[in-house]
Amino acid sequence: MKTIHIGTSSPYDVHIERGSLLKSGELISSVTNSKKAAVITDDTVNELYSEELIKSLQRNGINADIFVFPHGEQSKNLHTLGEIFDFLCKKRITRSDFLIALGGGVVGDITGFAAACFLRGIKFVQIPTTLLAQVDSSVGGKTAVDIPGGKNLVGAFKQPALVICDSDTLRTLPEEELSCGMAEVIKYGMIRDKNLFEKCESHSITDIHEVMDDIVYTCIDIKRQVVENDEFDNGERMILNFGHTLGHAIEGWHKYTDYTHGMGVSAGMCMMTRRLCSSDIAERLEKCAEAYKLPVNTEAPMKELLPFCTKDKKCEASNISYIICPEIGRAEIKKVSVDDFRILMEG
Ligand code: NAD
Ligand code: GLY
């Protein structure tokens, strides 16, 4: 068992332990006296893990109702958010009660945003069940939903009261979702930790579970450092967006349907590195991504991706920020005019 303390404005612990879902009731009881909760989850995760969670809550005297929505990014919207609010009203959830996000990044993001807004803010606990959610989205307090104008455009900073990472839950993840999470793991290696990158290089999608607890711990600890330095995303935190400017554009180009966030991040990191860094780094990164069945490029024409880039949150006025890694383990933030970015990408 390992715990990482996140020293943000509202501090909390991340508990990392195989089998910890079974003792989530006990862990949650250490951060709240409330005996009433609402679990928010998607249909896939509900089938797999709700029963275990509810039993553990009951053993600790906590009663919980469950709200289930259809899995996938298409549910991360204002309509689902409205349904969650209606559910919380119907179940008479009060400010002293709390929400539990049981699932991947979609569940975590929408539940966190619901917790930030409902009754002007109530506590919530993250129980991430995808690799991406464990290493990235459940920690750091970014919450959001998508709107027709763009992904994650409506949201809030809301830190959870506790994060419980049980890497046993990752055993049921489809390979494609494990790959997605590995895109973020590779990202952490590229931006901050050469050893982590080398660990990724020395494994592949078939044997990565062997070192999963170490990987989850290392990634969360990197996120802790970055978020503690820049909780509200005004500077250093931007390095976590390595690969995301193009990645989000590629996801948007695919209309968020057949293309996952992790695939976008992987293609985005590789394309930026291939264009702007030395070829030996680009080759190592591409080889590593391919070992986790991740894309290193996209069929989308750059001309069609650029309008998505300028709609992104990383684009302010006529400037755009992007991240490069001139060496493995070190990231730099660059800010250029949209015109110069266009030249860099199309050149
Ligand atoms: P997701 O939540 O859609 O989960 C992926 C799929 O895996 C879903 O179909 C889900 O039902 C299924 N699933 C989840 N856990 C499972 C398990 N243990 N076994 C089997 N199936 C399981 O997607 P995701 O990749 O976890 O998260 C992507 C989302 O996270 C995006 O919306 C992205 O914007 C967001 N995100 C947020 C942040 C942040 O800081 N808040 C960071 C990165 C990504
Ligand atoms: N996933 C990017 C961030 O948390 O800032």
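Numbering (this note's numbering), first residue to last: 2 to 348. Don't be surprised by glycine CBs; every beta carbon is placed ideally from N, CA and C.
Unbroken alpha helix (DSSP H) run spanning residue i, endpoints
{"i": "Asp-234", "result": "Per DSSP, Asp-234 belongs to no alpha helix (DSSP H) and is neither H nor E."}
{"i": "Cys-90", "result": "79-91"}
{"i": "Phe-68", "result": "Not the alpha helix (DSSP H): Phe-68 falls in the beta strand (DSSP E), residues 64-70."}
{"i": "His-16", "result": "No alpha helix (DSSP H) contains His-16, which is instead part of the beta strand (DSSP E) from 13-17."}
{"i": "Asn-196", "result": "195-202"}
{"i": "Val-266", "result": "262-277"}
Terminal residues of the beta strand (DSSP E) in which residue i lies
{"i": "Lys-336", "result": "331-338"}
{"i": "Lys-143", "result": "143-148"}
Distance cut-off 7 Å: residue i Cβ against heavy atoms of the ligand NAD
{"i": "Pro-175", "result": "yes"}
{"i": "Cys-166", "result": "no"}
{"i": "His-72", "result": "yes"}
{"i": "Asn-153", "result": "yes"}
{"i": "His-262", "result": "yes"}
{"i": "Leu-79", "result": "no"}
{"i": "Leu-23", "result": "no"}
{"i": "Ala-134", "result": "yes"}
{"i": "Gly-104", "result": "yes"}
{"i": "Glu-52", "result": "no"}
{"i": "Glu-18", "result": "no"}
{"i": "Leu-171", "result": "yes"}
{"i": "Leu-247", "result": "no"}
{"i": "Glu-229", "result": "no"}
DSSP three-state assignment for residue i, whether helix, strand or coil
{"i": "His-255", "result": "coil"}
{"i": "Phe-243", "result": "coil"}
{"i": "Leu-154", "result": "strand"}
{"i": "Asp-137", "result": "helix"}
{"i": "Asn-47", "result": "helix"}
{"i": "His-6", "result": "strand"}
{"i": "Lys-159", "result": "coil"}
{"i": "Lys-288", "result": "helix"}
{"i": "Thr-112", "result": "helix"}
{"i": "Thr-42", "result": "strand"}
{"i": "Leu-22", "result": "helix"}
{"i": "Asp-208", "result": "coil"}
{"i": "Arg-225", "result": "helix"}
{"i": "Val-217", "result": "helix"}
{"i": "Arg-96", "result": "coil"}
{"i": "Val-107", "result": "helix"}
{"i": "Ser-31", "result": "coil"}
{"i": "Leu-179", "result": "helix"}
{"i": "Gly-248", "result": "helix"}
{"i": "Gly-190", "result": "helix"}
{"i": "Leu-174", "result": "coil"}
Residues that residue i bridges to, as DSSP identifies them
{"i": "Glu-328", "result": "Arg-331"}
{"i": "Gln-353", "result": "No answer is possible for residue 353: it lies beyond the span of the chain, which begins at 2 and ends at 348."}
{"i": "Ala-184", "result": "Paired residue(s): none; Ala-184 is not in a bridge."}
{"i": "Lys-37", "result": "Asn-64"}
Any non-hydrogen atom of the ligand ATP closer than 7 Å to residue i Cβ
{"i": "Gly-265", "result": "With respect to small molecules bound, the structure shown includes the ligand NAD and the ligand GLY and not the ligand ATP."}
beta-carbon residue i near the ligand GLY non-hydrogen atom, thresh 7 Å
{"i": "Lys-143", "result": "yes"}
{"i": "Leu-241", "result": "yes"}
{"i": "Arg-238", "result": "yes"}
{"i": "Asp-234", "result": "yes"}
{"i": "Asp-137", "result": "yes"}
> Can you give, in chain order, each stretch of the alpha helix (DSSP H) that sits fully within the stretch 291-323 and has at least 4 residues?
Replying inline: Whole alpha helix (DSSP H) segments, 4+ residues: 303-312.
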